[in-house]
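In the numbering used here, the protein residues as written are 3 to 135.
Working notes for the structure below.
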Amino acid sequence: MPVKISLPSGSLSEKEIEAMLDTLPVDITFVDAKDIVRYFSQSPKRIFARTPAVIGRKVQQCHPPKSIGKVNQILSDFKSGKSDSASFWINMKGRIIYIRYFQVRDRKGKYLGCLEVTQDITDIKKIEGEKRL
(Lines of atoms letter the chains of each structure in order from A; the text may use other names.)
(Lines give C-alpha, C1' and ligand atoms only; values in the text may rest on other atoms or scores of the structure.)
Protein backbone atom coordinates (compact mmCIF):
# COMPACT_ATOMS: atom_id res chain seq x y z
CA MET A 3 0.00 0.00 0.00
CA PRO A 4 1.58 3.35 -1.04
CA VAL A 5 2.24 5.82 1.75
CA LYS A 6 0.00 8.85 1.53
CA ILE A 7 1.35 12.32 2.26
CA SER A 8 -1.22 14.19 4.30
CA LEU A 9 -1.85 17.81 3.42
CA PRO A 10 -4.43 20.25 4.84
CA SER A 11 -6.74 19.71 1.86
CA GLY A 12 -6.29 15.97 1.28
CA SER A 13 -3.69 13.27 0.85
CA LEU A 14 -1.70 11.99 -2.12
CA SER A 15 0.94 9.36 -2.72
CA GLU A 16 4.45 10.33 -3.81
CA LYS A 17 3.66 8.81 -7.22
CA GLU A 18 0.52 10.95 -7.56
CA ILE A 19 2.36 14.13 -6.54
CA GLU A 20 5.17 13.46 -9.02
CA ALA A 21 2.71 12.73 -11.86
CA MET A 22 0.71 15.88 -11.07
CA LEU A 23 3.79 18.12 -11.04
CA ASP A 24 5.06 16.62 -14.30
CA THR A 25 1.63 17.08 -15.91
CA LEU A 26 1.32 20.80 -15.19
CA PRO A 27 1.68 22.96 -18.33
CA VAL A 28 4.62 24.73 -16.69
CA ASP A 29 8.14 23.72 -15.66
CA ILE A 30 8.91 24.22 -12.00
CA THR A 31 12.13 24.31 -10.02
CA PHE A 32 12.34 24.71 -6.25
CA VAL A 33 15.31 26.36 -4.55
CA ASP A 34 15.47 26.14 -0.75
CA ALA A 35 16.13 28.91 1.78
CA LYS A 36 19.91 28.40 1.43
CA ASP A 37 19.73 28.89 -2.37
CA ILE A 38 20.21 25.17 -3.07
CA VAL A 39 18.30 23.56 -5.96
CA ARG A 40 16.17 20.82 -4.39
CA TYR A 41 13.64 19.81 -7.07
CA PHE A 42 12.63 20.23 -10.69
CA SER A 43 9.65 18.85 -12.57
CA GLN A 44 10.32 16.53 -15.47
CA SER A 45 7.66 17.28 -18.04
CA PRO A 46 8.33 15.80 -21.47
CA LYS A 47 8.33 19.26 -23.10
CA ARG A 48 10.57 21.00 -20.55
CA ILE A 49 11.77 24.38 -21.89
CA PHE A 50 15.10 24.62 -20.07
CA ALA A 51 16.77 21.25 -19.68
CA ARG A 52 17.66 20.13 -16.17
CA THR A 53 19.78 17.16 -15.20
CA PRO A 54 19.98 15.47 -11.80
CA ALA A 55 23.42 17.10 -11.43
CA VAL A 56 21.75 20.43 -10.52
CA ILE A 57 20.20 18.95 -7.38
CA GLY A 58 22.24 20.11 -4.40
CA ARG A 59 23.93 22.94 -6.32
CA LYS A 60 23.69 26.62 -5.49
CA VAL A 61 21.15 28.18 -7.86
CA GLN A 62 23.71 30.84 -8.79
CA GLN A 63 25.77 28.08 -10.47
CA CYS A 64 22.81 27.33 -12.75
CA HIS A 65 22.67 30.79 -14.38
CA PRO A 66 24.97 32.63 -16.77
CA PRO A 67 27.53 34.87 -14.99
CA LYS A 68 25.89 38.03 -16.35
CA SER A 69 22.63 37.05 -14.56
CA ILE A 70 24.09 36.34 -11.10
CA GLY A 71 23.58 39.89 -9.81
CA LYS A 72 19.89 39.82 -10.74
CA VAL A 73 19.44 36.31 -9.29
CA ASN A 74 21.01 37.42 -6.00
CA GLN A 75 18.84 40.55 -5.89
CA ILE A 76 15.63 38.55 -6.44
CA LEU A 77 16.58 36.09 -3.69
CA SER A 78 17.57 38.89 -1.32
CA ASP A 79 14.25 40.68 -1.93
CA PHE A 80 12.34 37.43 -1.32
CA LYS A 81 14.18 36.67 1.91
CA SER A 82 13.68 40.20 3.26
CA GLY A 83 10.03 40.32 2.20
CA LYS A 84 10.67 43.30 -0.08
CA SER A 85 8.98 41.44 -2.95
CA ASP A 86 7.11 38.21 -3.42
CA SER A 87 7.54 37.63 -7.15
CA ALA A 88 9.57 38.58 -10.20
CA SER A 89 8.71 38.09 -13.88
CA PHE A 90 10.67 38.00 -17.13
CA TRP A 91 9.89 37.00 -20.69
CA ILE A 92 12.17 36.14 -23.56
CA ASN A 93 11.90 35.20 -27.22
CA MET A 94 13.41 31.80 -27.85
CA LYS A 95 13.30 30.09 -31.24
CA GLY A 96 10.18 32.03 -32.22
CA ARG A 97 8.37 31.23 -28.96
CA ILE A 98 7.56 33.56 -26.05
CA ILE A 99 8.82 32.13 -22.77
CA TYR A 100 7.43 33.55 -19.52
CA ILE A 101 9.64 33.01 -16.47
CA ARG A 102 8.29 33.77 -13.01
CA TYR A 103 9.84 33.48 -9.58
CA PHE A 104 7.80 33.28 -6.38
CA GLN A 105 8.90 33.41 -2.77
CA VAL A 106 7.69 30.38 -0.78
CA ARG A 107 6.85 30.80 2.89
CA ASP A 108 5.26 28.54 5.47
CA ARG A 109 2.00 29.44 7.21
CA LYS A 110 3.92 31.38 9.88
CA GLY A 111 5.74 33.48 7.27
CA LYS A 112 9.14 31.77 7.48
CA TYR A 113 11.00 31.88 4.16
CA LEU A 114 11.35 28.36 2.74
CA GLY A 115 12.70 29.14 -0.69
CA CYS A 116 11.93 30.18 -4.23
CA LEU A 117 9.81 28.58 -6.93
CA GLU A 118 10.72 29.15 -10.58
CA VAL A 119 7.84 28.66 -13.01
CA THR A 120 8.55 28.67 -16.74
CA GLN A 121 5.88 28.52 -19.44
CA ASP A 122 5.67 28.84 -23.20
CA ILE A 123 2.89 31.43 -23.59
CA THR A 124 3.05 31.83 -27.37
CA ASP A 125 -0.31 30.14 -27.98
CA ILE A 126 -1.91 31.69 -24.89
CA LYS A 127 -1.16 35.17 -26.23
CA LYS A 128 -3.19 34.33 -29.37
CA ILE A 129 -6.41 33.60 -27.45
CA GLU A 130 -9.33 35.90 -28.23
CA GLY A 131 -12.97 35.93 -27.22
CA GLU A 132 -14.05 32.98 -25.14
CA LYS A 133 -14.50 29.22 -25.35
CA ARG A 134 -16.97 27.77 -22.86
CA LEU A 135 -17.72 24.26 -21.73
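Note that CB positions come from ideal geometry on N, CA and C, so glycine has one too.
These numbers come from a predicted model, not from an experiment.
Spell out the partners DSSP gives residue i in its beta bridges.
i    : result
V39  : V33
K6   : S15
S89  : R102
M94  : R97
C116 : V33, Q105
D125 : None; D125 has no bridge partner.
Exposed or buried, residue i, counting other C-beta atoms within 10 Å across all chains shown (16 or more means buried)?
i    : result
T120 : buried
L77  : buried
S11  : exposed
S8   : exposed
T53  : exposed
Q105 : buried
Looking at the unbroken beta strand (DSSP E) that takes in residue i, where does it start and where does it end?
i   : result
A55 : Looking at the DSSP string, A55 is not in any beta strand (DSSP E), and its letter there is neither H nor E.
For residue i and residue j, which I take to be in contact (beta-carbon distance under 8 Å), what is that distance rounded to the nearest angstrom?
i    : j   : result
G115 : D34 : 4 Å
S15  : P4  : 4 Å
K60  : D37 : 5 Å
L135 : I30 : No, L135 and I30 are not in contact; Cβ-Cβ is about 27 Å, not under 8 Å.
What are the boundary residues of the alpha helix (DSSP H) that residue i is part of?
i    : result
G131 : That residue, G131, is in no alpha helix (DSSP H); it is neither H nor E in DSSP.
F80  : 70-82
ask   = Would you call the region 85-103 and the region 64-71 in contact, with 3 or more CB pairs under 8 Å?
value = No, because fewer than three Cβ pairs between the region 85-103 and the region 64-71 fall closer than 8 Å, the two stretches do not touch.
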